[in-house]
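Since the structure comes first, as structure tokens, the remarks are kept for the end.
Protein chains in written order, with my numbering: chain A, 1 to 265; chain B, 266 to 530.
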């Protein structure tokens, strides 16, 4: 049955949005909706304009034999700034301060209403590097990493701090913690392989030892790390165990010594 | 600037899809797009028809002063069956069998291309019970729970097996493991409160002791559990520590003694 043009456009748009960064065949759309590929191409152009206007990203069309199109995430600067600003404000409230220059943020990351857009923001930042897999470490970084992976259309690999029978075979990697102890991380052998482009995503970076551990995991698998993105980076210590990373927010000590969170420019 | 009708429809549809189950103000849409509320209502009816046709769900409109509309997830029976069938087939492959009636499934749950639709399926099953929060336990259930919570437009609360300074204050609950030992679970005090309606989501249920532990956590907070949904339930032991739950898939022992996964009817 032929649907109306408007219905077809909404249905096509929904497929791009439900599975961002994943190719949808234009030939398949043309066959399913019983219209020519030229009509489908016009439809895609309209959807592209609407998504850009909405500040979500754009539709990329791959010409040639595969003939697919996909939504490439790119959050608008205005939305990004106001969204991160409101989260920084929430996190700076008195009732969130924990002992030891720590703040309570897990309710933000465990709420998909926040973690979803945060992952979309990180995906927008790193989409150009075309990662194959998002790597994170358990536990609090998982929702952020999974939404980043969702927006990038790629799988997630989780570094675990123990390995159990139900987790399957894994590679163990040893790395120094911030306090000089040696810690162990496990990565399931199914999740990574040589030459894969890895994007590291983590919730919080203080000294950067966990991120440095994840670099070692990638190296052990002969995979290439193409970027490291974190939700919050603490300004102390200034010197981190990793040289390159970008953070959405920064945790600083205010003039009165009280922790506060700012948007990273 | 006024946009064309088609562009407006696509932009409106994208907002329903990006934040399912969350109310969008019809008055707000009417003001932003500079058209009457009658026009917006007609638009919403078209979007509703397209989403139903697409097998995603429907748009619910709340009349009255708040005047909001939202996408209520309801996966079509056909898509659900074929999607779960393909996952059951993947999981039944020889190379996934682990010692002790276990199968390797974490790469499925860590891949948002699978975890997203699985969460959407669970959200479709439980939306009518109108939960306020999705509860899960670390680690492998988190992606499934977060996508279920995303589709239901509600936050997630994670039961942890240890409590550290950065996790903030928590309530500890003790529960018997399947082997008769006593285990401890922690739930952050920010995540739950009296009278909240809780949906428990977990990755794998063998004897049901973890789910039973989560019931104790909910009881400790005087919250009400409105349902328990799991990705895979093992057919052995038949008797579980919880009386009510529903599973998407079932792990059975075939005639040759080899584990296999079936879609739960």
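Note that beta-carbon positions come from the ideal geometry of N, C-alpha and C, so glycine has one too.
Check                                                                                                                               : Outcome
Within-8 Å CB hit, residue 115 of chain A to chain B                                                                                : yes
Where residue 188 of chain A sits in the DSSP three-state scheme                                                                    : strand
The segment 235 to 253 of chain A contacting the segment 270 to 290 of chain B, beta-carbon criterion three pairs below 8 Å         : no
Start-to-end residues for the beta strand (DSSP E) that takes in residue 517 of chain B                                             : 511 to 518
Three-state class that DSSP yields for residue 269 of chain B in the structure shown                                                : coil
CB contact below 8 Å: residue 428 of chain B versus chain A                                                                         : no
Option in B/343, B/495, B/272, B/305 with minimal Cα separation from residue 406 of chain B                                         : B/495
Backbone CA spacing between residue 518 of chain B and residue 167 of chain A [nearest angstrom]                                    : 20 Å
Residue burial classification, residue 121 of chain A (beta-carbon count within 10 angstroms, cutoff 16)                            : buried
Alpha carbon of residue 176 of chain A to alpha carbon of residue 322 of chain B, nearest angstrom                                  : 49 Å
First through last residue of the beta strand (DSSP E) which encompasses residue 462 of chain B                                     : 462 to 470
Expected contact under 8 Å - CB spacing of residue 234 of chain A and residue 101 of chain A to nearest Å                           : 7 Å
Segment contact, 8 Å Cβ cut-off, at least three pairs: the segment 290 to 299 of chain B with the segment 138 to 155 of chain A     : no
Residues, ordered as in the chain, of the segment 441 to 456 of chain B that lie near chain A by beta-carbon distance below 8 Å     : 453, 455, 456
Opening and closing residue of the alpha helix (DSSP H) in which residue 39 of chain A lies                                         : 37 to 54
Stretch-stretch touch, CB-based, cutoff 8 Å, three pairs: the segment 407 to 414 of chain B with the segment 142 to 149 of chain A  : yes
Member of B/305, B/306, B/315, B/280 whose CA lies at the smallest distance from the CA of residue 10 of chain A                    : B/315
C-beta contact flag for residue 372 of chain B and residue 191 of chain A at 8 Å                                                    : yes
Local conformation of residue 164 of chain A per DSSP, three classes                                                                : coil
Inter-stretch contact (C-beta, 8 Å, three-pair minimum) for the segment 420 to 437 of chain B and the segment 375 to 392 of chain B : no
Between the CA atoms of residue 464 of chain B and residue 388 of chain B - distance to the nearest angstrom                        : 10 Å
6 Å CB neighbourhood of residue 133 of chain A in its chain, flanking five on each side removed                                     : 154, 155, 157, 196, 198
Beta-carbon neighbours of residue 517 of chain B, restricted to chain A and to distances below 8 Å                                  : Within 8 Å Cβ-Cβ: nothing; residue 517 of chain B doesn't reach chain A, min ~17 Å.
Beta-carbon spacing of residue 221 of chain A, residue 194 of chain A below 8 Å                                                     : yes
Residue 66 of chain A, DSSP secondary structure in three states                                                                     : coil
Closer than 8 Å to chain B by CB, residue 80 of chain A                                                                             : no
Cross-chain neighbours of residue 6 of chain A in chain B, by beta carbon under 7 Å                                                 : 271, 274, 311
Contact set for residue 1 of chain A: own chain, Cβ-Cβ below 7 Å, skip 5 residues either direction                                  : Confidence at residue 1 of chain A is low in this model, with a pLDDT of 46, below 50, so the placement of that residue should be treated as unreliable; the coordinate-derived value is given next. Once the five neighbours on either side are set aside, residue 1 of chain A has no close Cβ partner at all.
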